[in-house]
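Those protein sequences? They're chains X and V, same order as listed.
Numbering-wise (the numbering used here), the first sequence opens with residue 1263 and increments by one.
Numbering-wise (the numbering used here), the second sequence opens with residue 1263 and increments by one.
Virtual Cβ for every residue (Gly too), placed ideally from N, Cα, C.
Following: one structure in structure tokens, then a few remarks.
2 protein chains.
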Amino acid sequence: MTDTAWLDETEMAAWRAFLSTSHLLERRIEEQLKAAAGLTHPQYEVLARLADAPDRQMRMTELARGVVVSKSALTYQIGQLEKAGLVERTTCPSDERGVLAVLTEAGVRCLERVAPGHVAVVRAYLIDRMTRGELETMTTAMRKTEQALRQ
Amino acid sequence: MTDTAWLDETEMAAWRAFLSTSHLLERRIEEQLKAAAGLTHPQYEVLARLADAPDRQMRMTELARGVVVSKSALTYQIGQLEKAGLVERTTCPSDERGVLAVLTEAGVRCLERVAPGHVAVVRAYLIDRMTRGELETMTTAMRKTEQALRQ
DNA sequence: GAGTGCTGGTTCAAATCTGAACTACTGCCT
DNA sequence: AGGCAGTAGTTCAGATTTGAACCAGCACTC
Chain X
1263 MTDTAWLDET
1273 EMAAWRAFLS
1283 TSHLLERRIE
1293 EQLKAAAGLT
1303 HPQYEVLARL
1313 ADAPDRQMRM
1323 TELARGVVVS
1333 KSALTYQIGQ
1343 LEKAGLVERT
1353 TCPSDERGVL
1363 AVLTEAGVRC
1373 LERVAPGHVA
1383 VVRAYLIDRM
1393 TRGELETMTT
1403 AMRKTEQALR
1413 Q
Chain V
1263 MTDTAWLDET
1273 EMAAWRAFLS
1283 TSHLLERRIE
1293 EQLKAAAGLT
1303 HPQYEVLARL
1313 ADAPDRQMRM
1323 TELARGVVVS
1333 KSALTYQIGQ
1343 LEKAGLVERT
1353 TCPSDERGVL
1363 AVLTEAGVRC
1373 LERVAPGHVA
1383 VVRAYLIDRM
1393 TRGELETMTT
1403 AMRKTEQALR
1413 Q
């Protein structure tokens, strides 16, 4: 906190662009998912992560880390998804404390139905607007920050 | 919704990296601001935008657009900042319906006190981890998306 | 200059997020 | 065994966000 250099023109522009864009995109995605399937973005992410996981199941904490949401928020969201029949809870066989979130058949079908529309938005506003080079540069840049933030 | 191409390896990696990073960074920033000054990130953004604006004042709608937050959320946040004495409301002289949010002297001082710590975080995790080239590439990429999302 | 449609803000209810307790179980260490 | 620090999830209260409904004031038309 002693003497941090201020952001120059270019840096400030970069930061503002990143910030606005991420929020705007989040808004748009939320809107699309809500309209198409009554899902929130975190909910969609949970389904997507589970679908990719072995046996379509994951531990709560691991899932929370992946989706980048607090443990309590995940507890809440899994509750919602359970009510909707898209996910089920199982106690982890190897660790009595642990809970496994499992994607149900209905969950799989829901995701299959919703994914195309979601991907279309991500593509239309972000992916397809970048060149391959920009895409790769962004990825490496983001990864550095991500890694730093995950300690 | 007809036949959108799925995301290939590289594209998916880019999207995931962007998504996680933006959320992780948001979390970290929120934490820092809360600890340093009891401010939320949107609140900080409001102060920062006002500080940059001519006469340190802005119309509500314009401010909401800038910070990328709903009008009702801004109403709420300006209320909070007003309670804290950092911002004041004035009715707009040219348009009787309009409201101008004005940064107070206390607001200016608060921002001056908090900004260095905030910028330090943005720098430490994002800006300083990129080369100048990456920075510029990211900015152009983000701008394209931003523009598309603002219609 | 009344009527009509728009725009600017606020209010409201509902949903969600977070961090701080709290409970239960695990893994060591002696 | 017995104790103890640490981990996994949940619960809870409080703060914030959002969209929809609402009330004014503006601007344009006939």
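- Under the Cβ criterion of 8 Å, threonine 1323 of chain V is not counted among the residues facing chain X.
- In summary, no residue of the segment 1337-1359 of chain X has a CB separated from any CB of chain V by less than 9 Å.
- Look at leucine 1301 of chain V: its C-beta is not under 8 Å from any C-beta on chain X.
- Separation of leucine 1397 of chain X and cysteine 1372 of chain V (C-alpha to C-alpha, rounded to the nearest whole angstrom) is 38 Å.
- For alanine 1276 of chain X, no beta strand (DSSP E) segment is defined; the enclosing uninterrupted segment is the alpha helix (DSSP H) at 1271-1299.
- Shown here, valine 1331 of chain X sits in coil according to DSSP, grouped into three states, outside any helix or strand.
- With a cutoff of 8 Å on beta-carbon distance, valine 1329 of chain V and glutamate 1344 of chain V are scored as not near each other.
- Distances from the alpha-carbon of leucine 1295 of chain X to those of X:Glu1408, X:Thr1366, X:Arg1375 put X:Arg1375 closest.
- When Cβ pairs closer than 8 Å are counted between the two stretches, the segment 1267-1275 of chain X is seen to touch the segment 1379-1393 of chain V, the count reaching three or more.
- Contacts with chain X at 8 Å (Cβ-Cβ) include proline 1378 of chain V.
- Our two residues, threonine 1366 of chain V and arginine 1290 of chain V, have alpha carbons roughly 27 Å apart in a direct line.
- Serine 1282 of chain V counts as buried, since at least 16 other C-beta atoms from the protein chains shown sit within 10 angstroms of its C-beta.
- In the three-state DSSP reduction, alanine 1363 of chain X falls in the strand class (E or B).
- Taking the Cα of threonine 1302 of chain X as reference, the smallest distance to any Cα among X:Glu1292, X:Arg1391, X:Gly1347 is reached at X:Glu1292.
- At a cut-off of 8 Å between beta-carbon atoms, arginine 1371 of chain X makes no contact with chain V.
- Looking from the CA of alanine 1368 of chain X, the closest CA among X:Gly1347, X:Ala1299, X:Phe1280 belongs to X:Gly1347.
- In this structure, alanine 1275 of chain V lies away from threonine 1407 of chain X, with their beta-carbon atoms at least 8 Å apart.
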